[in-house]
Each structure stands twice: as structure tokens, then as C-alpha cells.
Amino acid sequence: MLDIETRKIVSCEALARWTHPELGPISPATFIPLAEEMGLISDITAFVVESATSECANWAGSVGVAVNVSARDFRGLDLLSVVGRSLNRAGLPANRLEIEVTETAVIEERDLANSVLQGLAEQGIVIALDDFGTGYSSLSYLHALPFNKLKIDRSFVADIGKDPRALLLLTNVARLGRDLDLTVVAEGVETEEQLVLMQQTTSVQQVQGYLFSRPLPARDIAELIGRMNGPNSFRPADQKRLRG
104 MLDIETRKIV
114 SCEALARWTH
124 PELGPISPAT
134 FIPLAEEMGL
144 ISDITAFVVE
154 SATSECANWA
164 GSVGVAVNVS
174 ARDFRGLDLL
184 SVVGRSLNRA
194 GLPANRLEIE
204 VTETAVIEER
214 DLANSVLQGL
224 AEQGIVIALD
234 DFGTGYSSLS
244 YLHALPFNKL
254 KIDRSFVADI
264 GKDPRALLLL
274 TNVARLGRDL
284 DLTVVAEGVE
294 TEEQLVLMQQ
304 TTSVQQVQGY
314 LFSRPLPARD
324 IAELIGRMNG
334 PNSFRPADQK
344 RLRG
């Protein structure tokens, strides 16, 4: 995730990837549902939290890391303990870790999710509502739960360059997030046109997508941060030249 104005990396999203010794790369769309069925998803989440915090501690500056949590993790995992232990081992400040949950996960385990997320927020961890607009989109959850960040789903971004109504919808959703004092992120940014439109028209603060980087192995993230956040990286003055 990048700051929309400076194009500096502010956080990276940690995603589970599986490379089988014989079958090669296996899509998360394949192995995550299987892990949930087999009761292994919480073990994977714990591993990702521990690995992500350890990696993040070695990154330059204050770049954070985001980890996705599923509905089953609220029951199958002592998330507060796993997060606290991982932060302590890595020596990572709590505010550099983001926990992302979807609307569906919150709805499935509302009471337990509220308790766990409140506990995480009290530690200073950033709580993000992920893929906003793809689930039930009940606005009551934005108010009732301790969210700091609203991640607008890529479906709101895809057509903003050719459909004025799509841009208007994204603009209004972003404004809602800002009015609720949330940091607003747009997912799925793939073109310079989309980025400039959001800068000129919306109140989106952070962006994420293939325009900036494809998914990378953990070992390559530090180099990416150094390149994009270094002294010779993109500057706001460059942005003005791009706009003409």
C-alpha cells in the first residue's frame, strides 16, 4: 500500500503462497478452502503473523505489514496471544501491524470478532475492513467495530476511467470513510489513469495494486521498499509533470 500523493510504501500485505515440490505453485484459491475444511487455516494464519512481523522488523523506516484474518480464526486461534507473542519476538511496534478482516468474517462471528478486534486495537494494532463493498456492506459495522482503515474493493476501481458513475461511486464511498475518520485505501489500481483520477477527484489516501508491484517473495520486499522509498524515488513534482 502506497501513499497516494508521495507514492511511498506505507505497508505491505502478507499473503500465503504454497509451492509444491512436484506440482509447483498452488493458488490460494485452491489451498485456503482446503485448509479451512481440514481445520488448518488457523495454523496458517499464525505462521503468517509470525513470519510477517519478523520480516517487517527488518524493513527500513516505518513501513508496516498487513495480515488477513478469516472468520474461523476468531474461534480457532488465540489471536491476541499469537499477535502479542509475534510482536515481542520481532521487537516490532504494534502500530506497524495491520489486521485485515472482511465484512463476511465479521458478520459470521460478530460478538467474538468485536471482542478480539477491540483487544487488538487496545494494543495499538491497526484494524482494517478489507474488500469493502463485496459483502453485506452494513454500515453499522463501520461504526460499531474499532476499524482504523477502510479498504475499498477493486471492483469499485476497475471502471473509473470509462464510467463516470463508477468514479462517482468510488468518490462517495471514499468520502464516507473519511467522514468516519478512517484511512481510505483503494485496491486493484492497475493504471496511471486510475491513480490520477483518484488523486484529482476522490479523498482516497492510500492505493494498492499491480501498477506499483506484482506479488513478490518476502526476500525481495526490502529491496522494493529501498527503491520506492529512497531518495531517488517518485516525487510529487514528478506527478505534476505527468499531468502535463
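To convert, note that position 88 of the sequence shown is 191 in my numbering; the numbers rise steadily by one, no gaps. Think of the CB as a built atom: it goes at the ideal place given N, C-alpha and C, for glycine as much as any other residue.
Limits of the unbroken alpha helix (DSSP H) element including residue i
i	result
I144	I144 to C159
G280	P267 to D282
I324	I324 to N332
T207	E206 to E211
V166	Run containing V166: none; DSSP gives neither H nor E here.
L232	Careful: L232 lies outside any alpha helix (DSSP H), inside the beta strand (DSSP E) at V229 to F235.
Counted within 10 angstroms of its Cβ, other Cβ atoms place residue i as buried (16 or more) or exposed
i	result
L283	exposed
E225	exposed
S165	exposed
D176	buried
Span of the beta strand (DSSP E) around residue i
i	result
V287	T286 to A289
D261	The question names Asp, yet the displayed sequence has Ala at residue 261. That residue, A261, is in no beta strand (DSSP E); it is neither H nor E in DSSP.
Sequence-distant residues of its chain with Cβ nearer than 6 Å to residue i (five each side left out)
i	result
G222	L183
E158	A321
R344	At R344 the pLDDT is 41, less than 50, meaning the model places this residue with poor confidence and gives no usable figure here.
When the options are compared against residue i, the one with the closest alpha-carbon
i	options	result
Y313	R257, V276, L220 and I263	R257
L245	D176, V204, S316 and L319	V204
E206	F250, L118, R330 and D233	D233
E295	Q311, V287 and L327	Q311
W121	F150, E140 and V113	F150
Other residues of its chain near residue i: CB distance less than 7 Å, five sequence neighbours each side excluded
i	result
S189	V152, E153 and T156
D262	A269
A340	Caution is warranted here: a pLDDT of 45 is assigned to A340, below 50, making its placement in the model unreliable, and no coordinate value can be reported.
I147	A119 and A138
P334	none
H123	I129
Assumed close pair residue i, residue j - CB separation to whole angstroms, cut-off 8 Å
i	j	result
C115	V186	About 17 Å separates the two Cβ atoms, so there is no contact after all.
V170	A117	5 Å
A193	A160	4 Å
E212	A231	That belief does not hold up - the Cβ atoms of E212 and A231 are roughly 17 Å apart, past 8 Å.
Q297	M104	Contact doesn't hold; Cβ gap of about 15 Å is too wide.
L215	R178	7 Å
P286	N251	Note that residue 286 corresponds to Thr in the displayed sequence, not to Pro. Indeed they touch by this definition, with Cβ atoms about 6 Å apart.
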